[in-house]
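Line by line, the protein sequences give chains P and G.
With the numbering used here applied, the first sequence corresponds to residues 1 to 202, in that order.
With the numbering used here applied, the second sequence corresponds to residues 203 to 500, in that order.
Just so it is clear, CB atoms sit at the ideal spot from N, CA and C, and this is done for glycine as well.
Have a look at the structure below, then the notes.
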Amino acid sequence: MTRFFSLVGKFTLLVLLLAGLAAPTLYACVGKTLLVGSLGSPQQQILAQMLSILISERTGTSIKIVPMDGHAEAHEALLRADLDMYVEYTGVGQVIILKDPPIADADELYKAVKARYNQELNLIWLKPFGFSDERFAPEGTVADAAPVVRKDTLKKFPALARLINKLGGAIDAPAMKKLEKESASGNYKEVARKFLKENRFI
Amino acid sequence: MKTTLRMVAVSLVMAASLMLAGLAGCASGPSVLRLEDSVIDNEVVWNGEVTIDGIVTVKKSGRLVIEPGTRVLFVHRDYDGDGIGDSELLVEGALVARGTAEAPIVFTSAATQPQRADWKYLYLDFATEVDIDHIVSEYAYSGLQIHFCRARVTNSVFRHNVDGLRFSTVNLLAAGNQMYDNRHGLRYEERRSQVHLHHNDIRENDVGIFVVTRSTDNALIEQNNIADNRQYNVKLGWQQPGDVTLPRNWWGTTEPLAIIKTFLDQDIDGSLGRVSAPQPLAKPIDIHNWQKDQGVSP
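See the structure below:
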């Protein structure tokens with residue numbers, strides 16, 4: 001009887017193994033989908049759409065925009081690789097995220113925040129868009145908006161930094177205000193696309 | 203003892219059921235078939251309706267023949283949350299999908315209200331034999347992706363996809379096909395491909411032809427209708443510094459400046475190559491008579 005159970009056991013194992021071989025889980029990819037965070041304000045949604053359209057249209061890479069509740073959540077998501085990039089503000093990075101003292105000078109602030117993010121967090125601040133939004137500026141700083149990207153992502157997509165940096169200095173404060181006004185009805189995608197098209201980015 | 207015997211019996215039944223479920227994809231002939239993740243490693247014939255809910259792989263040793271009129275439906279699942287459906291048909295062996303004009307083979311979404319990218323793709327990767335004629339592929343991320351193999355794709359329709367037909371590193375003949383209402387009708391990275399695309403209709407996509415990168419201008423894309431695409435008829439990708447030549451096509455107009463305006467190339471971004479369209483045709487090509495035009499018997 002023991003021998004019978006042993007045989008039955010072996011047979012069961014064999015059948016299960018065959019079943020497993022017959023239906024393995026396979027993986028084939030379409031290329032990595034890049035995840036762009038958006039903090040929810042109209043400005044953030046326009047800029048996230050702008051990054052998304054620019055990257056997808058020029059490189060063919062698939063992009064997904066992921067809504068985020070706040071700066072800390074977006075930053076944590078970036079560190080966990082749940083995001084590849086989002087738009088942050090220099091003053092927020094310096095004071096809220098890094099908990100460093102405020103720096104009033106815009107260039108010095110950008111250099112300081114960029115250096116520490118790079119060295120300690122493996123995150124890269126790309127070129128600022130060209131406007132500062134005081135609504136986001138902690139006391140004693142300015143808030144230049146710029147894309148912050150995971151270093152890993154830039155290694156996987158070597159051309160990405162050069163492409164995104166085309167937007168560096170391309171949106172000054174009046175232009176940003178105009179874009180926000182145009183997207184009052186929530187048509188962020190259309191507004192972002194129109195800007196990119198009119199300025200010959202796509 | 204009775205309990206033990208009952209447990210043994212139950213486990214045997216369960217195991218046998220699992221095995222049969224796994225092997226069901228390899229059976230031939232049923233008019234209604236539902237497959238989850240499964241492998242085809244011998245000769246299999248599909249007809250009627252086949253629903254794929256997962257990834258079906260035709261292995262090197264497998265040969266899948268799909269009969270005219272077969273409908274292959276892909277269930278929308280998005281396990282990784284990237285917005286792209288994960289069901290797919292991956293062919294590493296042989297695929298013979300020869301429909302007819304009256305009874306094409308349809309690859310589509312199983313959803314009642316289908317969307318672009320509901321399913322991932324029909325993907326040919328190092329396939330050993332490919333013969334595709336009179337298929338319709340729609341609502342996928344890529345209607346058809348071909349890599350590292352020799353393929354012939356004729357008289358087929360690619361519509362409502364992100365990429366209609368996409369390839370890299372292939373030996374490809376594509377003729378008599380229609381690519382419309384995709385984000386990109388045709389998308390390719392040339393990478394030493396040998397390609398002849400002719401008598402295709404590439405219309406009313408966001409972008410007609412997207413040359414992503416690594417094109418050394420060897421693909422011969424001639425005698426097609428490349429017109430009325432919403433953003434551009436031809437777009438060079440961010441890393442395509444080389445020129446691309448597309449001779450003898452119909453561009454919707456014979457006016458040279460109007461043709462050039464439908465290209466995204468060096469004129470818009472100085473780092474890109476230039477798209478040129480020598481000898482533009484004066485009228486649209488009749489894509490349905492390509493065999494006659496080419497002196498090939500139907």
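- P/Lys194 has a beta carbon lying at 8 Å or more from every beta carbon in chain G.
- For the stretch 144 to 172 of chain P, the residues whose beta carbon sits under 7 Å from a beta carbon of chain G are, in order, Ala159 and Leu163.
- Straight-line measurement puts the Cα of P/Glu180 at about 9 Å from the Cα of P/Gly186.
- In the three-state DSSP reduction, G/His349 falls in the strand class (E or B).
- Taking 8 Å as the cut-off, the Cβ atoms of G/His386 and G/Val372 do not count as close.
- Under the 8 Å criterion on CB atoms, P/Ser62 is classed as interfacial with respect to chain G.
- The DSSP-derived three-state label of G/Ile411 is strand.
- Minimum Cα-Cα distance from P/Glu73 among the listed residues P/Ala173, P/Ala146, P/Gly40 and P/Leu167 corresponds to P/Gly40.
- Contacts between P/Arg200 and chain G, judged by CB atoms closer than 7 Å, involve Ile470 in chain order.
- Setting aside the 5 residues that flank it on each side, P/Glu134 is surrounded in the same chain by Val142 and Ala143, each with a C-beta closer than 8 Å to its C-beta; the list follows chain order.
- Of G/Arg450, G/Lys322 and G/Ser478, the smallest CA-CA separation from G/Ile487 is found for G/Arg450.
- For the set G/Ser395, G/Leu438 and G/Asn357, the Cα lying nearest the Cα of G/Pro306 is the one of G/Asn357.
- Note on the stretch 381 to 451 of chain G: whole beta strand (DSSP E) runs with a minimum of 3 residues are 386 to 391, 396 to 400, 403 to 405, 409 to 415, 422 to 424, 427 to 429 and 434 to 441, in chain order.
- With 16 or more neighbouring CB atoms inside 10 Å of its own CB, G/Asn249 falls in the buried class.
- When CB distances to chain P are screened at a threshold of 7 Å, the residues of the stretch 410 to 433 of chain G falling below it are Phe412 and Val414, in chain order.
- Counting along the chain, the unbroken beta strand (DSSP E) around G/Lys322 starts and ends at Trp321 to Asp327.
- The alpha-carbon of G/Pro443 is positioned some 20 Å away from that of G/Gln396.
- Beta-bridge analysis with DSSP links P/Phe136 to no other residue.
- By the Cβ criterion, the stretch 470 to 478 of chain G is in contact with the stretch 430 to 446 of chain G, since at least three pairs of Cβ atoms, one from each stretch, lie closer than 8 Å.
- Interface with chain G (8 Å Cβ-Cβ cutoff): P/Arg80 is excluded.
- Collapsing the DSSP output to three states places P/Leu154 in a helix.
- Contact check for G/Gln433 and G/Asp403: beta-carbon distance about 18 Å, past the 8 Å limit, so the pair fails to qualify.
- The stretch 123 to 138 of chain P makes contact with the stretch 167 to 180 of chain P; the number of CB pairs closer than 8 Å reaches 3 or more.
- Bounds of the beta strand (DSSP E) holding G/Asp335 are Glu331 to Asp335.
- Between the alpha carbons of G/Leu291 and P/Gln43 lies a gap of roughly 41 Å.
- CA-to-CA, the gap between P/Lys166 and G/Val246 works out to about 52 Å.
- Under the Cβ distance rule, G/Arg389 counts among the residues neighbouring chain P, one pair being separated by less than 8 Å.
- Rounded to whole angstroms, the Cβ separation of G/Ala429 and G/Trp452 is 6 Å, and the two are in contact under 8 Å.
- Closer than 8 Å at the C-beta level to chain G, one finds no residue of the stretch 111 to 143 of chain P.
- Close CB contacts of P/Thr153 within its chain, under the 8 Å cut and outside five residues either way in sequence, are with Leu34, Asp84, Met85 and Leu160 (chain order).
- Residue range Ile307 to Ser311 is occupied by the beta strand (DSSP E) that includes G/Thr310.
- Residues of chain G whose Cβ lies closer than 7 Å to the Cβ of P/Thr59 are, in chain order, Gly439 and Trp440.
- Linking P/Lys194 to P/Thr59 through their CA atoms gives a straight-line distance of about 18 Å.
- Taking CB atoms only, G/Asp284 has a neighbour in chain P less than 8 Å away.
- Between G/Asn363 and G/Ala342, the CB-CB gap stays under 8 Å.
- Under the three-state reduction of DSSP output, G/Thr371 falls in the coil class, being neither helix nor strand.
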